[in-house]
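Protein chains in written order, with our numbering: chain A, 5 to 369; chain B, 5 to 369.
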């Protein structure tokens with residue numbers, strides 16, 4: 005079966021840096037309110053997407069299959085899935101098909117290194133769906149042909165499948181020496197990231213085009229940058245640059261080795277709406293039913309925004325940083341990062357941040 | 005959706021004592037060769053079971069769904085699944101349906117407390133199927149209606165869904181004071197275990213009858229006892245009794261509290277072929293296509309059988325014992341157990357051990 009084999013060409017090791025698991029103070033579960041803000045804003049979008057489902061979507065089955073790609077450990081994935089189920093049920097009711105409301109089976113996907121044990125232990129006993137975990141990269145095949153009716157992916161597609169090889173190759177003109185991200189780097193490094201992103205989007209859309217059932221929909225929430233703005237603008241990219249400068253400072257002090265900083269890159273890419281459209285067009289098998297751009301809204305309670313940004317960044321990066329530099333430097337690194345932010349709150353203020361809300365529908369064969 | 009809700013009536017806590025995870029020397033992964041011996045013996049059975057599949061099994065889908073119930077962390081589950089896929093492919097080829105060989109999606113099920121992270125990290129990159137993990141008790145619903153074509157469960161159905169409440173209730177005539185298993189206990193305790201087993205089998209078969217696709221098959225490998233033999237005979241039961249006597253000795257020495265021993269029971273039940281037949285008949289929705297009884301064969305290499313028995317028992321029980329008595333007593337307990345076995349190798353020699361190999365087929369609606 006060539007299809008399942010395809011996944012193996014993606015080395016899990018290359019990109020398998022999970023969000024921080026467990027439920028400690030630095031865990032992803034406790035530090036994903038920014039993502040949840042977007043999720044709430046997207047609830048209406050899920051209704052619109054469900055409206056676009058073919059009404060005979062279940063012609064060959066009485067189970068509606070939902071997959072959340074890049075689910076992490078919860079709880080945002082649970083809110084998203086519940087909203088999708090509500091939207092699909094509403095679609096059926098609205099069409100007078102109350103008696104045909106299907107059963108739901110939900111596939112929670114993330115990297116093999118994700119903390120699925122924690123995800124599974126967070127499942128509600130009263131959930132109204134059958135649940136399964138699917139480990140593996142969403143840049144490869146994860147599901148059988150034509151088997152998923154509703155794909156969802158929120159805050160995941162900004163992660164590349166891997167660090168582009170050239171940027172950690174000393175002998176390449178794209179070697180990213182002294183930096184950990186493309187957004188403040190040379191044209192060669194930027195091009196290497198752009199090429200990786202284009203290849204990844206092609207793989208993502210190819211895999212989904214095969215896996216999605218006829219008449220099914222795909223909803224994507226992607227943090228990115230506005231058309232025509234430079235890579236140095238997005239606030240997320242500024243954060244990575246700042247982390248990079250903290251690491252270089254620690255290298256100068258001898259706390260970490262400079263070689264290790266040179267070999268460390270964050271495989272996150274801020275795409276534009278145009279780049280997404282081009283990928284969809286290049287793939288050719290989806291129609292772009294909707295694309296909306298929202299400003300990135302942070303929902304914060306009593307903690308300061310700065311602290312919140314640091315917490316989010318730490319939840320996202322701690323695994324990678326620990327793997328590269330060891331656990332012992334993590335606290336110092338993020339303290340130094342927070343200090344810089346508190347001293348110059350304007351560092352991130354120039355940054356932009358947008359989220360695209362995208363609905364794709366598989367074209368008829 | 006009542007179906008998914010049903011699962012919630014089973015308290016996960018009540019039975020969620022997983023096999024020892026990880027891959028250390030006492031882990032299940034390194035101590036399941038006895039189970040694998042039976043798996044090899046059962047390969048032929050899987051071929052026979054596949055033969056019994058309706059040939060139009062996939063009328064409504066091009067994916068063949070397999071579920072392994074009580075999969076633990078591998079590797080035995082992988083061998084079983086590969087054998088099933090081979091057998092199903094052979095069936096298609098044999099019928100001249102080479103071009104219609106389906107894709108396979110495999111659901112690996114075990115308790116929520118199972119180490120799914122380890123299971124997922126053990127997946128072969130070259131596997132010829134799509135894989136998903138499904139956490140939850142197989143005594144409740146796990147899958148949508150009529151969605152699974154081939155159920156498999158090996159060395160799992162001897163575990164009850166929970167310790168019968170009465171046996172840890174001081175005020176019940178079935179209080180199992182000073183013992184940790186029913187097999188050397190009073191009639192009241194035996195009846196409590198028997199009743200729990202009957203209820204569990206009813207739940208298991210009810211759930212599977214709803215989940216299995218028309219024309220699908222269920223293969224069960226169950227360690228049990230021969231018809232007409234007493235509960236005190238199976239070698240597994242003798243092991244539990246011996247562990248119980250070691251615990252009581254430790255209680256007398258003050259190493260563990262006697263109250264904790266009284267509150268500790270092992271929810272494992274050795275059923276007979278007759279009990280299984282009665283459960284299938286009571287359920288009424290499966291035909292018993294085959295039941296074969298094999299002697300329990302141990303496949304051992306260079307380690308002594310005694311050591312092997314201890315290792316297996318430890319892998320199966322360590323989680324429960326740690327939870328009840330604390331980690332610090334585990335080594336002492338199993339050393340004392342091993343010593344008793346070495347001093348009197350005949351202790352287990354009187355025991356019997358059989359495995360049933362069972363093929364069930366869903367009756368037409």
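Here a beta-carbon is modelled for each residue, glycine too, at the ideal position from N, C-alpha and C.
For residue i, which beta-bridge partners are listed by DSSP?
| i | result |
| --- | --- |
| residue 109 (chain A) | A:69, A:134 |
| residue 227 (chain A) | A:359 |
| residue 290 (chain A) | A:366 |
| residue 296 (chain A) | A:361 |
| residue 204 (chain A) | For residue 204 (chain A), which the question treats as bridged, DSSP gives no partner whatsoever. |
| residue 114 (chain B) | B:139 |
| residue 216 (chain B) | B:152 |
Which residues in the same chain have their Cβ closer than 6 Å to the Cβ of residue i, if we skip the five residues on either side of it in sequence?
| i | result |
| --- | --- |
| residue 337 (chain B) | 250 |
| residue 93 (chain B) | 105 |
| residue 262 (chain A) | 255 |
| residue 294 (chain B) | 363 |
Near residue i, what residues of its chain come up, given a Cβ to Cβ distance below 8 Å and the 5 sequence neighbours on each side ignored?
| i | result |
| --- | --- |
| residue 326 (chain A) | 334 |
| residue 74 (chain A) | 113, 114, 142, 157, 158, 159, 160, 161, 163 |
| residue 340 (chain B) | 250, 253, 254 |
| residue 259 (chain B) | 333, 336 |
| residue 60 (chain B) | 219 |
| residue 356 (chain A) | 229, 230, 233, 237, 238, 239 |
Would you kindly work out how many angstroms separate the C-alpha atoms of residue i and residue j, rounded to a whole number?
| i | j | result |
| --- | --- | --- |
| residue 89 (chain A) | residue 104 (chain A) | 14 Å |
| residue 205 (chain B) | residue 292 (chain B) | 15 Å |
| residue 117 (chain B) | residue 368 (chain B) | 36 Å |
| residue 273 (chain B) | residue 246 (chain B) | 16 Å |
| residue 213 (chain B) | residue 222 (chain B) | 10 Å |
| residue 208 (chain A) | residue 125 (chain B) | 22 Å |
| residue 184 (chain B) | residue 171 (chain B) | 9 Å |
| residue 350 (chain A) | residue 240 (chain A) | 14 Å |
| residue 256 (chain A) | residue 328 (chain A) | 17 Å |
| residue 131 (chain B) | residue 201 (chain A) | 27 Å |
| residue 342 (chain A) | residue 314 (chain B) | 53 Å |
| residue 135 (chain B) | residue 365 (chain A) | 25 Å |
| residue 279 (chain B) | residue 287 (chain B) | 12 Å |
| residue 49 (chain A) | residue 80 (chain A) | 16 Å |
| residue 123 (chain A) | residue 346 (chain B) | 44 Å |
| residue 264 (chain B) | residue 53 (chain A) | 55 Å |
| residue 146 (chain B) | residue 210 (chain B) | 12 Å |
| residue 226 (chain A) | residue 133 (chain A) | 26 Å |
| residue 179 (chain B) | residue 186 (chain B) | 10 Å |
| residue 191 (chain B) | residue 102 (chain A) | 52 Å |
| residue 352 (chain B) | residue 97 (chain B) | 46 Å |
| residue 3 (chain A) | residue 121 (chain B) | Outside the shown range of chain A, which is 5 to 369, sits residue 3 (chain A), and nothing can be said about it. |
| residue 140 (chain B) | residue 348 (chain A) | 50 Å |
If distances are taken between C-alpha atoms only, which option among the options comes closest to residue i?
| i | options | result |
| --- | --- | --- |
| residue 152 (chain A) | A:108, A:120, A:173, A:188 | A:108 |
| residue 282 (chain B) | B:266, B:219, B:198 | B:198 |
| residue 270 (chain B) | B:293, B:244, B:210, B:264 | B:244 |
| residue 238 (chain A) | A:129, A:150, A:275 | A:275 |
| residue 77 (chain A) | A:62, A:291, A:138 | A:138 |
| residue 144 (chain A) | A:97, A:215, A:65 | A:215 |
| residue 290 (chain B) | B:261, B:363, B:229 | B:363 |
| residue 231 (chain A) | A:360, A:342, A:46 | A:360 |
| residue 150 (chain B) | A:155, A:71, A:228, A:67 | A:67 |
| residue 57 (chain A) | A:85, A:95, A:65, A:71 | A:95 |
| residue 217 (chain A) | A:99, A:155, A:174, A:179 | A:155 |
| residue 248 (chain A) | A:165, A:285, A:344, A:196 | A:344 |
| residue 354 (chain B) | B:324, B:316, B:55, B:242 | B:242 |
| residue 268 (chain B) | B:111, B:224, B:181, B:352 | B:181 |
| residue 166 (chain B) | B:174, B:196, B:148 | B:196 |
| residue 110 (chain B) | B:69, B:62, B:65 | B:69 |
So that I know if they touch, is there some Cβ in chain C lying closer than 8 Å to that of residue i?
| i | result |
| --- | --- |
| residue 136 (chain B) | Looking for chain C here will not work: the only protein chains present are A and B. |
Please work out which residues of its chain come closer than 7 Å, Cβ to Cβ, to residue i, disregarding the five sequence neighbours upstream and downstream, and give them in chain order.
| i | result |
| --- | --- |
| residue 188 (chain B) | 236, 245 |
| residue 176 (chain B) | 170 |
| residue 129 (chain A) | none |
| residue 87 (chain B) | 47, 50 |
| residue 194 (chain B) | 186, 235 |
| residue 358 (chain A) | 228, 229, 230, 297, 298, 299, 300 |
| residue 84 (chain A) | 43, 72, 156, 158 |
| residue 55 (chain A) | 95 |
For a minimum of 3 consecutive residues, which ranges assigned as the beta strand (DSSP E) are wholly contained in the stretch 143-187 of chain B? 152-158
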